[in-house]
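The structure under discussion appears below in the form of structure tokens.
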Amino acid sequence: MTVIQLIVLTARISLNPIHTPAAQACGPPPSKDKDGPWLPFFWRSRQGKQFKPEPEQRPLQASHPALQLVRERARTGSKPGQRTDSFKLGLVIEGGGMRGAVSGGGLQALHDLGLRDVFDVAYGSSAGAINATYFLSGQREGVDVYSQDISNKTFCDLRRLLDRKRDIDIDPVLNLNFLLNYVMEELKPLDWEAVIRSPIPLKVVASCLDTLQPVILTDFSSKQDLKRCLQCSANVPNIAGSPIQHRGMTLVDAAVFEPVPFRTAIADGCSHIVVLATRPPFRGGRLRKAVSDVFTGAVKRAVLNPAYMNQAWARELEMLAEDGLTSDEMLLLGLEDGSEKLPFFSGCHVYPIFPGESASYAPVCTDVPVLRAGIQEGIDCIRRVFQPYDASSPFPEYRPDKGLFPDEQTATPAADLFSPGHQAP
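Take the sequence shown: its position 16, counted from the start at 1, is 196 in our numbering, and no numbers get skipped.
The following block contains the structure:
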């Protein structure tokens, strides 16, 4: 059996994952047989392989220490470099290609709520790092790049993968030069200097093929240095280009070793972390998880597996075996009381914010309505957490009117949550 046949077979036996209407809108155009066996597979990939998340049975953890710290700093007007507490609050931003629209929406909501200055440092992987630049520069419109500027074949075209297989010299599947040097310069001009001078440092996470570990890229010397670091973090093997030599390292996409860089943030000394995820947590059970792992592994071996990635993928498997838990499982445990005592949190209070099923689309989706729904989901996620008495909830179990917040029933309404006179709980 060929690798392509294995991929197609795996896709067909994926236990009938549930597709949302939004995800289905990203489906294939009719009759593309002339494009060969690859494109139908990738059109299926655009629909998203994420299983519909089961409703969360716990209420929003309003008393979580990370959220308490956010509220207290917002209440007192705390500014970076002028803290009255000794904590280090990190903002971790997941990427995931076009799923970055979700974390971009979340950052826009944080900006609109006036919460940017409560954080001490921002960690971004891939698209998450690019989103962070607009957030730190105060340009809330940055998220619009997904629906307005890069939802096109100039930036993302899977057909180029076929041409590259035929040794045709063209742009990579993901054209990062178009994003960094045209979109972020001409269409949605980023204030690069504001990012470099930001009192909240940006720490771009990438994967180093020399050490087989995630690395932090920060302290940018110039706009070109910052651009290069962003390119390294989003440099998906065989999709966005070859490994990049920068700062004496051989670098590729952050997702190779740490797509959600919360452990990097913990190792960097954070005492509290808020995580913006860009897809629902995987909740399909062990059997579905096993099938999904086979599917993902087949894709990596067939598409993302130039020779230079062999050691990296082997190291990734070793890391999974060492941890015993997926990143999603670890992050969900962060919602439990006393989770900071778990060995992988090392005393850090970690609060993950996962989106609902509107974010269940693939990283290469360019369907504008789906991307806009993802942006809105990211916005809603933040408002569900920081305005729980005002915003709708993704699941009925979350609604405070059903009595699931017994210790918060007399709390100040959301409209006054961040007012100067409000005392943090």
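Each residue gets a CB set at the ideal place from its N, CA and C atoms; glycine is no exception. Source: prediction; values computed, not measured.
Item	Value
Host beta strand (DSSP E) of Leu511 (start-end)	Note, Leu511: premise wrong, no beta strand (DSSP E); alpha helix (DSSP H) at 507-513.
Proximal residues to Glu321 (C-beta, below 7 Å), its chain only, five neighbours per side dropped	Lys368
Selection from Asp433, Leu271, Asn361 that minimises the alpha carbon distance to Ser387	Asp433
Three-way DSSP call (helix, strand, coil) for His244 in this model	coil
Touching by the beta-carbon criterion (3+ pairs, under 8 Å), the stretch 357-372 and the stretch 287-296	no
Through-space distance from Ala445 to Pro381, alpha-carbon basis	12 Å
Cβ-heavy atom distance, Gly518 to the ligand FMN, below 6 Å	Of ligands this structure carries none, so the ligand FMN is not represented either.
Leu511 and Ser519 closer than 7 Å at C-beta	no
Local conformation of Ile424 per DSSP, three classes	strand
Simplified DSSP state of Ala457, which is helix, strand or coil	coil
Extent of the continuous alpha helix (DSSP H) run through Tyr326	325-328
Boundaries of the beta strand (DSSP E) in which Ala386 is found, first to last residue	382-388
Cα-Cα separation between Arg377 and Ser331, rounded to whole angstroms	30 Å
Helix, strand or coil at Ser538 according to DSSP, with G and I counted as helix	helix
Alpha-carbon spacing of Phe566 relative to Gln248, whole angstroms	10 Å
Distance between beta carbons of Pro460 and Ala539, contact taken as under 8 Å	6 Å
Classification of Pro352 by the beta-carbon crowding that lies within 10 angstroms, buried from 16 upward	buried
Check whether Asp297 and Lys259 have beta carbons under 7 Å apart	yes
For Cys336: DSSP bridge partner residues	Leu354
Distance, Ser317 Cα to Asn311 Cα	10 Å
6 Å Cβ shell around Ala374 - same chain, five flanking residues per side excluded	Ser317
Alpha-carbon to alpha-carbon, Gly270 and Leu356	27 Å
DSSP three-state assignment for Gly304, whether helix, strand or coil	strand
Span of the alpha helix (DSSP H) around Pro549	548-566
Endpoints, beta strand (DSSP E) assigned at Gln393	393-397
Where Gly270 sits in the DSSP three-state scheme	strand
First and last residue of the uninterrupted alpha helix (DSSP H) at Thr444	442-447
Nearest candidate by alpha-carbon position, reference Gly304, set Thr458, Phe524, Thr430	Thr458
Ile533 - partner residues in DSSP beta bridges	Leu456
Leu287 - containing alpha helix (DSSP H), residue span	280-292
Buried/exposed call for Ala414, threshold 16 Cβ in 10 Å	buried
Segment limits, beta strand (DSSP E) that includes Val432	429-432
Rounded separation between His244 and Leu342 - CA only	48 Å
Anticipated Cβ contact below 8 Å, Ile533 with Val455, distance rounded	6 Å
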